[in-house]
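Trainee: I have a structure I would like to understand better, so I am pasting it below and will then ask my questions one at a time.
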Amino acid sequence: MLKAVIVILLLAVVVSLFSGLFFLIKDGGKTRRVVNSLAVRVLLSILLLVVILIALWQGSLTMNPTP
Numbered sequence: 816m817l818k819a820v821i822v823i824l825l826l827a828v829v830v831s832l833f834s835g836l837f838f839l840i841k842d843g844g845k846t847r848r849v850v851n852s853l854a855v856r857v858l859l860s861i862l863l864l865v866v867i868l869i870a871l872w873q874g875s876l877t878m879n880p881t882p
C-alpha cells in the first residue's frame with residue numbers, strides 16, 4: 816500500500832510537470848496557470864518527501880545497506 820502511494824504521488828508530480836509545460840506553451844506565460852501548476856508540483860513533492868520520511872521513521876520502508 817505504501818509503495819502504491821509513493822508511485823501515485825510520483826506520477827502526480829510528473830503530470831503536474833507536463834501540465835505546466837503545456838500551459839507555458841499554450842498561454843505563453845501570460846496567465847497564472849503555470850504558477851499554479853508549479854505550486855501544485857511543489858506541494859506534491861513536499862507531501863512525497865514527508866510520506867517517505869514518515870515511512871522510514873516507522874520502519875515501513877528500509878534503506879538498502881549495500882550500495
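Residue numbers for the sequence shown follow this note's numbering, so the first one is 816 and each next one is one higher.
For glycine and all other residues, C-beta sits at the position ideal for the given N, C-alpha and C.
Classify Ser875 as helix, strand or coil using the three-state DSSP reduction.
Mentor: As a working mapping, residue 875 is identified with position 60 in the sequence shown. Coil, per DSSP.
Trainee: Measure how close the beta-carbons of Val866 and Val830 come, nearest whole angstrom, since I'm counting them as under 8 angstroms.
Mentor: Along the sequence shown, one-based indexing puts residue 866 at 51. Along the sequence shown, one-based indexing puts residue 830 at 15. About 17 angstroms separates the two Cβ atoms, so there is no contact after all.
Trainee: Kindly give me the distance between the Cβ atoms of Gly835 and Leu853, rounded to whole angstroms, as I take these residues to be in contact under 8 angstroms.
Mentor: Here residue 835 is taken as the residue at index 20 of the sequence shown, counted from 1. Here residue 853 is taken as the residue at index 38 of the sequence shown, counted from 1. Contact flag correct, Cβ pair sits at about 6 angstroms.
Trainee: Please classify Arg847: does DSSP put it in a helix, a strand, or coil?
Mentor: Locating residue 847 in the sequence shown gives position 32, counting from the first residue. Coil, per DSSP.
Trainee: If we ignore side chains and look at the alpha-carbon of each, how far apart do Leu859 and Leu825 end up?
Mentor: For the purposes of this step, residue 859 is identified with residue 44 of the sequence shown, where counting begins at 1. For the purposes of this step, residue 825 is identified with residue 10 of the sequence shown, where counting begins at 1. Approximately 8 angstroms, taken between the alpha carbons.
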